[in-house]
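Protein chains: 4
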Amino acid sequence: MTVHSAQAGDKRERILAAAERIFARHGFFAAKVSDVAKEAGVADGTIYLYFKNKDDLLISLFENRMQQVNAALRTAVAKVKGPPIDQLRTFIRTYLQLVHDEPAAAEVLTIELRQSSKFMKEYENPEFADFLRTLGGLVAAAQDKGDIDGGIPSHVAARMIFGMLDELALAWVLTKQPLGGNAAGARPKKFDIVRAADWVISLISRHVASKEQE
Amino acid sequence: MTVHSAQAGDKRERILAAAERIFARHGFFAAKVSDVAKEAGVADGTIYLYFKNKDDLLISLFENRMQQVNAALRTAVAKVKGPPIDQLRTFIRTYLQLVHDEPAAAEVLTIELRQSSKFMKEYENPEFADFLRTLGGLVAAAQDKGDIDGGIPSHVAARMIFGMLDELALAWVLTKQPLGGNAAGARPKKFDIVRAADWVISLISRHVASKEQE
Amino acid sequence: MTVHSAQAGDKRERILAAAERIFARHGFFAAKVSDVAKEAGVADGTIYLYFKNKDDLLISLFENRMQQVNAALRTAVAKVKGPPIDQLRTFIRTYLQLVHDEPAAAEVLTIELRQSSKFMKEYENPEFADFLRTLGGLVAAAQDKGDIDGGIPSHVAARMIFGMLDELALAWVLTKQPLGGNAAGARPKKFDIVRAADWVISLISRHVASKEQE
Amino acid sequence: MTVHSAQAGDKRERILAAAERIFARHGFFAAKVSDVAKEAGVADGTIYLYFKNKDDLLISLFENRMQQVNAALRTAVAKVKGPPIDQLRTFIRTYLQLVHDEPAAAEVLTIELRQSSKFMKEYENPEFADFLRTLGGLVAAAQDKGDIDGGIPSHVAARMIFGMLDELALAWVLTKQPLGGNAAGARPKKFDIVRAADWVISLISRHVASKEQE
DNA sequence: GATGAATGAGGCTTCATTCAT
DNA sequence: GATGAATGAAGCCTCATTCAT
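Protein chains in written order, with the numbering used here: chain A, 1 to 214; chain B, 215 to 428; chain C, 429 to 642; chain D, 643 to 856.
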């Protein structure tokens, strides 16, 4: 029974995970619902027991993943006792670490979120708003301490920082790293996405940032 | 005669302009070729005299607009005699000014470019590569002068800056500014996209940047 | 239940039968897939659950019908105990009887097979090859017995005989016989396609063939 | 002037010749009018100065080629002073020689005539009727002499013979002869279409036919 | 007469969604 | 709940034909 209901409860998750992979692979529009079903190991119709329609599947995926991202960020930031700029660094590093660990999720959040901003506007996007609010708060605090230029509206600065992270994620995700070393500069080398966190901090902070690396 | 031949030569341009508006309005996938044709005032089949298919229409639109953007940027930057950071500011300001003046183009370049990174990878994107190369050059020069942190690979910094611009453009474009004043904070206020250029510069430059506003 | 499962299993057959009628009526190219669907009493999309595309529908129809023809011919010939020329007569008579009984099938096999020889070449046509092989075997046996001129390569003779049958079928099928008597020579009279079997035999056999008519 | 008008008069012929090649290459339905125009070296619209529409182009091609065929056959047969069976042999041999010399024409007459029997019925086909009448006359004469079985209605026998010729032509035309010798039986060898004339005669004549080969 | 850019009707096909089992 | 065969709306694209030059 427990196993059964667990499997049943799992089904929604399995579908979301499948959708993540399929959307990452083909893009939302090119992806077929039946492909998601196949990847999830369920029948086409089953998807409609858990989601209203294809759009809802994408929306739900966003909400779900952004929720996880926000939770991870909150947890990580809460642990930092140092000044706001260090919390910001942690925020950024954690985000990019997630991108590194979950490239499919990153691809969906980055590319598909973007392309579907169109219909995201209609559905609103509370989790993303939350993300920006948190980031804006960290920025404002860092501005108070004089670590970031205070002349910039913090919500705009938050947007800018998100833009950097998003673009880094995109560039990193789209660079298909050949297994092993890469042939003499044939393709752009896949840079270290996690290290990039420090680059972001050093780009935007006015002082030489205190390093607290592993 | 002049009118006629101008119109004839214009037809490709008219279709591109129509596609720009339609794609900006509905998004690439939701847009119908027949809508583009109607907007351009031509028959459906006429589109296929100038473009191989719907994809090619999008690709061509990118190339064309990015070419214009690059040309405008080159011209604007060439006029600046000051230090690299001032050239960079001009680059950024010009870019955001273009976003401001051509919101439809910005929407397509920003949203649709993103969502179609998928198939942009296949078609390559020489003009965008050019854009990044120019930006990277300016960054490197500014780094040499000590105006931007030199520890960041310039091509990564260029990506980050582009990310900021892109996100600013996106946020600005998607905020439907109600004509006239906006109802008490109901919607996020449409910030001044052009002024944002200075914010970008002040965010990333290590010294108080010299203002050279109009 | 029986009816239902029968119908379900039948669906492919129903579509083939509908295609046969529609193709015979309008010709392959002029026929619309949606007409076939309507004739079969299914939705347009259903066709594509059973066939890859319109071409595949035609190909499958050929294969299916030729298979039936070959089976009928084999059965009929196997019953004949007489000399090869009698088997050959049975082969021919059976074929023309099928044409008589299934004019739509005949029309498709005769006309559309021909017109699509173009793309039949690409798909091969094993059943037709089988048909020719069987016919060639009978011819060779009859040549051994001296009933047919032995100087002709048997596979070429088989082709010739098929050509006669095909042309007879075509001429017969295309002659729209008005019901009842025909107006004084206005239209070519629809000859007796089954009797024509004997004419074929008497045309090609060197001796007065033994008649074994009904 | 003469040259000019000759060229102008030629244009219709050039278009017919182009249509013959294009139809033979792609089939009537798959062939595009613009391809015919390109092959003929004229503009698309020019075709419509000489032909009512695409169908008319095919019809005219038939008429024209069948006329030439009939003329050639009449001339050849008129030279033969021997018995009807020899005239018949000449008729057949001449026809197959034409197939050999003009494979494109043969392909159109054979394949496209067949597939378009559909709309040929509507347009009638006087030249083909003429062909059959001539052939029927020769058959009847040969029957009178006892060289061909007299029990067969001569117009049906004519059909049969035409069927043989048509099928031989088709088989021969569709066998893409590999340049040079052919790999050990990989493809059916391209038989000698002209020699096949004698095979036809020996298949249908009751006596050992007098050979009058070159 | 000749051109060929433009037209636009119409078909093949896809795929999100439903619903009988 | 789960299935997956069936549906049918809708869009991309082709290409025969026209007509202004």
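Ideal Cβ placement from N, Cα and C applies to all residues, glycine included.
Can you tell me where the alpha helix (DSSP H) with residue i in it begins and where it stops?
{"i": "D514 (chain C)", "result": "P512 to D529"}
{"i": "I576 (chain C)", "result": "Unbroken run through I576 (chain C): none, as it is neither H nor E."}
{"i": "F405 (chain B)", "result": "Careful: F405 (chain B) lies outside any alpha helix (DSSP H) and carries neither H nor E."}
{"i": "P340 (chain B)", "result": "P340 to D358"}
{"i": "L593 (chain C)", "result": "S582 to L602"}
{"i": "G687 (chain D)", "result": "D686 to Y692"}
{"i": "T503 (chain C)", "result": "K482 to K507"}
{"i": "K252 (chain B)", "result": "V247 to A254"}
Should residue i go down as buried or exposed, given a rule of 16 or more other Cβ atoms within 10 Å for buried?
{"i": "S248 (chain B)", "result": "exposed"}
{"i": "R114 (chain A)", "result": "buried"}
{"i": "G365 (chain B)", "result": "exposed"}
{"i": "A465 (chain C)", "result": "buried"}
{"i": "R279 (chain B)", "result": "buried"}
{"i": "R663 (chain D)", "result": "buried"}
{"i": "E540 (chain C)", "result": "buried"}
{"i": "A285 (chain B)", "result": "exposed"}
{"i": "G360 (chain B)", "result": "exposed"}
{"i": "D626 (chain C)", "result": "buried"}
To the nearest angstrom, report how far apart residue i and residue j are at their CA atoms.
{"i": "L382 (chain B)", "j": "I443 (chain C)", "result": "56 Å"}
{"i": "T817 (chain D)", "j": "P745 (chain D)", "result": "11 Å"}
{"i": "L310 (chain B)", "j": "G137 (chain A)", "result": "26 Å"}
{"i": "F405 (chain B)", "j": "H155 (chain A)", "result": "10 Å"}
{"i": "V77 (chain A)", "j": "D86 (chain A)", "result": "9 Å"}
{"i": "A730 (chain D)", "j": "L489 (chain C)", "result": "Position check: residue 730 (chain D) holds Leu in this sequence, whereas Ala was assumed. Going from the Cα of L730 (chain D) to the Cα of L489 (chain C) covers about 39 Å."}
{"i": "V99 (chain A)", "j": "R93 (chain A)", "result": "10 Å"}
{"i": "G724 (chain D)", "j": "A446 (chain C)", "result": "54 Å"}
{"i": "A684 (chain D)", "j": "E655 (chain D)", "result": "Position check: residue 684 (chain D) holds Val in this sequence, whereas Ala was assumed. Those two C-alpha atoms are separated by around 12 Å."}
{"i": "A838 (chain D)", "j": "S847 (chain D)", "result": "14 Å"}
{"i": "A637 (chain C)", "j": "D472 (chain C)", "result": "Confidence is the limiting factor: at A637 (chain C) the pLDDT is only 43, short of 50, which leaves the residue's position unreliable and the question unanswerable from this model."}
{"i": "M860 (chain D)", "j": "I790 (chain D)", "result": "For residue 860 (chain D) there is no data in the structure shown, the boundaries of chain D being 643 and 856."}
{"i": "A356 (chain B)", "j": "L170 (chain A)", "result": "25 Å"}
{"i": "D572 (chain C)", "j": "T562 (chain C)", "result": "16 Å"}
{"i": "L49 (chain A)", "j": "N267 (chain B)", "result": "37 Å"}
{"i": "A459 (chain C)", "j": "F479 (chain C)", "result": "16 Å"}
{"i": "I193 (chain A)", "j": "D55 (chain A)", "result": "30 Å"}
{"i": "N339 (chain B)", "j": "V283 (chain B)", "result": "14 Å"}
{"i": "Q495 (chain C)", "j": "D529 (chain C)", "result": "16 Å"}
{"i": "G823 (chain D)", "j": "V322 (chain B)", "result": "A caution first: G823 (chain D) carries a pLDDT of 49, below 50, which makes its placement in the model unreliable, though a value can still be read off. For G823 (chain D) and V322 (chain B), the distance between alpha carbons rounds to 60 Å."}
{"i": "D130 (chain A)", "j": "A105 (chain A)", "result": "18 Å"}
{"i": "R74 (chain A)", "j": "P84 (chain A)", "result": "14 Å"}
{"i": "P581 (chain C)", "j": "H668 (chain D)", "result": "31 Å"}
{"i": "T260 (chain B)", "j": "I689 (chain D)", "result": "22 Å"}
Interface residues of chain D around residue i at Cβ under 8 Å?
{"i": "I632 (chain C)", "result": "L845 and I846"}
{"i": "V461 (chain C)", "result": "Residues of chain D passing the Cβ test: none, with the nearest at roughly 15 Å."}
List, in chain order, every chain D residue whose beta-carbon is nearer than 7 Å to that of residue i.
{"i": "I621 (chain C)", "result": "Those do not exist, as I621 (chain C) stays about 10 Å from chain D at its closest Cβ, beyond 7 Å."}
{"i": "A599 (chain C)", "result": "R801"}
Determine the chain A residues that contact residue i at a beta-carbon separation under 9 Å, and present them in chain order.
{"i": "D358 (chain B)", "result": "Correct list: empty, because the minimum Cβ distance to chain A is about 16 Å."}
{"i": "I299 (chain B)", "result": "Those do not exist, as I299 (chain B) stays about 13 Å from chain A at its closest Cβ, beyond 9 Å."}
Under 7 Å Cβ-Cβ, which residues of chain B neighbour residue i?
{"i": "E167 (chain A)", "result": "R373, M374, F376, G377 and D380"}
{"i": "A196 (chain A)", "result": "V370"}
{"i": "R12 (chain A)", "result": "Going along chain B, no residue has its Cβ under 7 Å from R12 (chain A), so there is no contact; the nearest lies around 26 Å."}
{"i": "I59 (chain A)", "result": "The premise fails here: I59 (chain A) is roughly 16 Å from chain B at the closest Cβ pair, so nothing lies under 7 Å."}
Report the neighbours of residue i on chain B: residues whose CB is nearer than 8 Å to its CB, in chain order.
{"i": "I92 (chain A)", "result": "Correct list: empty, because the minimum Cβ distance to chain B is about 11 Å."}
Am I right that residue i and residue j are in contact with their C-beta atoms under 8 Å? What's the rounded C-beta distance?
{"i": "L132 (chain A)", "j": "F162 (chain A)", "result": "7 Å"}
{"i": "T324 (chain B)", "j": "D380 (chain B)", "result": "6 Å"}
{"i": "A586 (chain C)", "j": "V567 (chain C)", "result": "5 Å"}
{"i": "L486 (chain C)", "j": "F451 (chain C)", "result": "7 Å"}
{"i": "E226 (chain A)", "j": "E127 (chain A)", "result": "Since the first residue of chain A shown is 1 and the last is 214, residue 226 (chain A) is not available in this structure."}
For residue i, return the contacting residues in chain C, with the cut-off set at a CB-CB distance below 8 Å.
{"i": "I689 (chain D)", "result": "Those within 8 Å of I689 (chain D) in chain C number zero; the least Cβ separation is about 20 Å."}
Counting only Cβ pairs nearer than 7 Å, list the residues of chain A close to residue i.
{"i": "A363 (chain B)", "result": "A small correction: the amino acid at residue 363 (chain B) is Asp; Ala does not occupy that position in the sequence shown. S202 and L203, listed in chain order."}
Hey, is residue i close to the ligand FAD, as in C-beta under 7 Å from one of its heavy atoms?
{"i": "G360 (chain B)", "result": "Among the components of this structure there are no ligands whatsoever, and the ligand FAD is therefore not found."}
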